[in-house]
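The structure appears below as C-alpha cells.
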Amino acid sequence: MHLIDEDTSAWLGCPTPLEMYKHQCALLEDELTQTQALLRNARKNIAGLVQMNDALSTEKALAEESLKKALAEVGALNRETSEMDRRINGLMAVAQQRDELFRENQRLLLARKLPLTGTP
1133 MHLIDEDTSA WLGCPTPLEM YKHQCALLED ELTQTQALLR NARKNIAGLV QMNDALSTEK
1193 ALAEESLKKA LAEVGALNRE TSEMDRRING LMAVAQQRDE LFRENQRLLL ARKLPLTGTP
C-alpha cells in the first residue's frame, strides 16, 4: 500500500479548524441576536397581555357589580309586580261583584216596574 503524507486540506479550499470555529461562532452570534430579538418581542407581548388582563379584570368587576344591582332591581320589580297583581285581582273581584249587584238591582227594578204597569 502506498501512503500519502501530504496535507491536502488546503487544495480544495477546505477551511482550517480556526476558520470553522470562527464560522460557528458567527452562526451562534446570529442565532443569539435573533433569540434576543424574539425575547424582547415576547416580553413586549406579555406586558401588553398583562395590561389587557388588568383592564378586562376591572371591566369584569364593574360588569359583575352592575349585574348584581340589576338582579336586585329585577327582584324588587318582581315583588312590586306581584303586589300589584294581588291588588288588581282584588279590584277585579270587587268590580265583578259590583257588576253582578248592578245587574241584580236592574232586574229587581224592572221586576218592580212590570207589576205596576202590568195591572190595568
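In this text, residue positions in the sequence shown follow my numbering: the first is 1133, and each later residue adds one.
Think of the CB as a built atom: it goes at the ideal place given N, C-alpha and C, for glycine as much as any other residue.
Note that the structure is a prediction, hence the values are computed from the model and not measured.
Contact belief for residue i with residue j at Cβ below 8 Å, rounded distance in angstroms
| i | j | result |
| --- | --- | --- |
| residue 1155 | residue 1147 | 7 Å |
Contact set for residue i: own chain, Cβ-Cβ below 8 Å, skip 5 residues either direction
| i | result |
| --- | --- |
| residue 1206 | none |
| residue 1162 | none |
Nonlocal neighbours in the same chain, by C-beta distance under 6 Å from residue i, ignoring five residues either side
| i | result |
| --- | --- |
| residue 1160 | none |
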